[in-house]
Amino acid sequence: TNLGPILDFCVVDLERQGQGQVVACSGGFKDGTLRIIRNGIGIDEQASVQLGGIKGMWSLRKSFDSTWDSFLVQSFSNETRVLAIEGEELSDFEMPGFSTDSETLYCGNLRDDLFLQITKSGA
2 TNLGPILDFC VVDLERQGQG QVVACSGGFK DGTLRIIRNG IGIDEQASVQ LGGIKGMWSL
62 RKSFDSTWDS FLVQSFSNET RVLAIEGEEL SDFEMPGFST DSETLYCGNL RDDLFLQITK
122 SGA
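For the sequence shown, our numbering assigns the number 2 to the initial residue and increments by one for each residue that follows.
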């Protein structure tokens, strides 16, 4: 949607929730309008899980060339969990060579179908 030209505007908190919105005088002549412009996009939440103390999260593919992610790695201050993504389900997964007893600082896919995990004690 083209909002131009914007002739004048002000920022207001219409819903009194601390989220400023722009009210703009948009367009010209007989096509001029007042527009409310909100920051961000609408989100349709499908599910929610509370995870206390999570420090980082990464998705991994089974192979470097895979189209879809297969694993979700969750890093906490004293452990790392790997979850397998199977359809719409998540289940605990033991990934050979992955350190699960310390915080993961970074992980990702490498060529030749290898995984990289960086912890405080090494890679």
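We put the beta carbon where it would ideally sit given N, CA and C, even for glycine.
Fair warning: this is a prediction, and the values are worked out from it, not measured in the lab.
Near the ligand MN: residue i beta-carbon under 6 Å from a heavy atom
i: E87; result: The ligand MN is not part of this structure, which contains no ligands at all.
Nearest to residue i (by Cα), restricted to the options the options
i: D14; options: I38, N3 and E104; result: I38
i: D102; options: Q118, F94 and T81; result: T81
i: G98; options: S67, I119 and I86; result: I119
i: L61; options: G123, N3 and F116; result: F116
i: C26; options: S100, K63 and T34; result: T34
i: W59; options: I86, N40 and R36; result: I86
i: S100; options: G28, D9 and S122; result: S122
i: L8; options: I55, D113, R36 and S76; result: R36
Beta-bridge pairing of residue i - partner residues as DSSP gives them
i: A85; result: F72 and S92
i: N110; result: F116
i: S27; result: I7 and T34
i: S60; result: L73
Cβ-based burial, residue i [other Cβ within 10 Å; buried from 16]
i: C108; result: buried
i: V74; result: buried
i: N110; result: buried
i: F65; result: exposed
i: T68; result: exposed
i: S92; result: exposed
i: V83; result: buried
Check whether residue i and residue j have beta carbons under 7 Å apart
i: E104; j: S78; result: yes
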